[in-house]
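Worksheet: the structure to be examined is printed underneath.
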Amino acid sequence: MSFVLGKRKAILFVLLVLSLLVVFVLRLGESVFYFYGGGAIFNNSISMKVHEVTVGEASFCVPEAYFVYANSLDPDSSIGIILSVNLEDLEPWSLYDERVGFSKSRNSLSRDEVNQIEAKKLGLKIAYSKEGSRSIDNRWKILLGVTGVQEENSGKYIRLMPLKASMFKYYLVPQGAVDYSYIIGCNSGARCSLENYYGNGVRYEISFDETKLDAVGDIEMRSRRLIDKFICE
70 MSFVLGKRKA ILFVLLVLSL LVVFVLRLGE SVFYFYGGGA IFNNSISMKV HEVTVGEASF
130 CVPEAYFVYA NSLDPDSSIG IILSVNLEDL EPWSLYDERV GFSKSRNSLS RDEVNQIEAK
190 KLGLKIAYSK EGSRSIDNRW KILLGVTGVQ EENSGKYIRL MPLKASMFKY YLVPQGAVDY
250 SYIIGCNSGA RCSLENYYGN GVRYEISFDE TKLDAVGDIE MRSRRLIDKF ICE
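Residues in the sequence shown are numbered from 70 upward in steps of one, following the working numbering.
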């Protein structure tokens, strides 16, 4: 009996480690590396040359300056489309960075000044979802099933507090939600990540500063419009 329990604990531990690794790789933070074709290749271009990349059943035509990783520019890329956007006007973050000289002056700025600028950054990932919204729901059921959660009412959301180590400090799902096809994960004092299904075999993840959480509805609406704009005609 003790052998069976020990084996079960070992399996749960492995699942937890794998789940944390999966979420880590999928996050849109600037420190995340996507291992594809030998490693991540960061894109520092400010070119507005348009590149066509197919994800799921849709093709997206996106200016080069939006891409975080040059790997995404490959038509055969399997990592989806990872973009970095200025939240204020939805221009490529690289153009904003170039205009204000953020990267060049970062080391001379205070922590508060850096945080104020980085709070303007929006991460947007457009990726394949094999089974539509069900893929998202199933994946989060597994991840949260491993950690376990405690539910709390939080306005229009149900706040899910992980009982074990998790990539996010807390999660939010809409009141009355019947699954995890729409979920927001947040780290206190840092960034949040919203995941939802777009359609045509495509899902999206939006990464934003936690201070913008109250405006998440507007952020998602504008992000979806940007995705609409990128669909090739």
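Ideal Cβ positions, reconstructed from N, Cα and C, are used throughout, including at glycine.
Query, Result
"For residue 139, three-class secondary structure by DSSP", "helix"
"Chain-order list of residues whose beta-carbon lies under 6 angstroms from that of residue 225 (same chain, five-residue window excluded)", "244"
"Residue 248 in three-state terms, based on DSSP", "coil"
"Every unbroken beta strand (DSSP E) inside the region 127-212 [3 residues or more]", "127-132, 150-155 and 190-197"
"Integer-rounded CB distance, given that residue 260 should sit under 8 angstroms from residue 205", "With a Cβ gap of about 19 angstroms, residue 205 and residue 260 do not count as contacting."
"Limits of the unbroken beta strand (DSSP E) element including residue 302", "Note, residue 302: premise wrong, no beta strand (DSSP E); not H, not E."
"Boundaries of the beta strand (DSSP E) in which residue 111 is found, first to last residue", "Looking at the DSSP string, residue 111 is not in any beta strand (DSSP E), and its letter there is neither H nor E."
"Local Cβ density within 10 Å of residue 111, reported as buried at 16 or more and exposed below that", "exposed"
"Length of the line joining the Cα atoms of residue 120 and residue 219", "44 angstroms"
"Cut-off 6 angstroms between Cβ atoms - residues of its own chain near residue 221, not counting five sequence neighbours on either side", "228"
"Where residue 257 sits in the DSSP three-state scheme", "coil"
"Which of helix, strand or coil DSSP assigns to residue 223", "strand"
"6 angstroms Cβ shell around residue 285 - same chain, five flanking residues per side excluded", "none"
"For residue 274 and residue 190, the rounded distance between their alpha carbons", "14 angstroms"
"C-alpha distance - residue 142 paired with residue 242, whole-angstrom precision", "33 angstroms"
"Residue environment, residue 255, which counts as buried when at least 16 other CB atoms sit within 10 Å", "buried"
"Identity of the residue in 159, 158 and 138 nearest residue 150 by Cα", "138"
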